[in-house]
Amino acid sequence: MSNINEILAAILPTERVIYTGKDKPRTYCTFQRVLENAALSADDTEKQAQITYRVTLFSKTDYESTLETIKAALVAAGFYINAVEGEDYETDTGYYKIPITVQTIKS
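To convert, take the position in the sequence shown, counting from 1, and add 4; that gives my numbering.
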């Protein structure tokens, strides 16, 4: 499994949790780990963990092709797309915000 930061950063500017760059690009994303739990246990020992991440795409332009590129790259790296949630428009910043929930299994 590839590192989620490396996958996303190969597509667009990416930071963990909060984008801290001085000049925010027109399109960028953030990600954060939201949950980790046992996916497989044996003999009272965790053998595999299921990790859930929230990826949030921010864009001031039409984001559909970027969204599809992100999804395809994550799936190719072994992640599962659980949901692409409803878009939101931030009137104060001019960004569309699109949350994506993904999961992976770690051995």
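Glycine included, each C-beta is placed from N, C-alpha and C at the ideal position.
Alpha carbon to alpha carbon, how far is residue i from residue j?
i: Ile55; j: Asp47; result: 21 Å
i: Arg20; j: Asn86; result: 20 Å
i: Asn41; j: Thr105; result: 15 Å
i: Lys26; j: Lys110; result: 34 Å
i: Met5; j: Ala77; result: No answer about Met5 holds up, because its pLDDT of 49 lies below 50 and its placement is not dependable.
i: Ala13; j: Ile74; result: 10 Å
i: Ala80; j: Thr24; result: 28 Å
i: Glu72; j: Arg37; result: 21 Å
i: Ile22; j: Ile11; result: 17 Å
i: Pro29; j: Thr49; result: 44 Å
Just to confirm, is the Cβ distance from residue i to residue j under 8 Å?
i: Thr108; j: Gly82; result: yes
i: Tyr67; j: Phe35; result: no
i: Leu16; j: Thr60; result: no
i: Ile102; j: Glu91; result: yes
i: Thr18; j: Asn9; result: yes
Once the 5 residues before and after residue i are set aside, which same chain residues still bring their CB inside 6 Å of it?
i: Val88; result: Ile104
i: Leu39; result: Thr56
Give me the Cβ distance between residue i and residue j, rounded to the nearest whole Å; I'm assuming they're in contact under 8 Å.
i: Thr31; j: Ser63; result: 4 Å
Beta-carbon within less than 8 Å of residue i's beta-carbon, same chain only, minus the 5 sequence neighbours each way: which residues are those?
i: Tyr84; result: Val106, Gln107, Thr108
Among residues of its own chain, excluding the 5 on either side of residue i, which ones have a beta-carbon nearer than 7 Å to its beta-carbon?
i: Tyr99; result: Phe62, Ser63, Lys64
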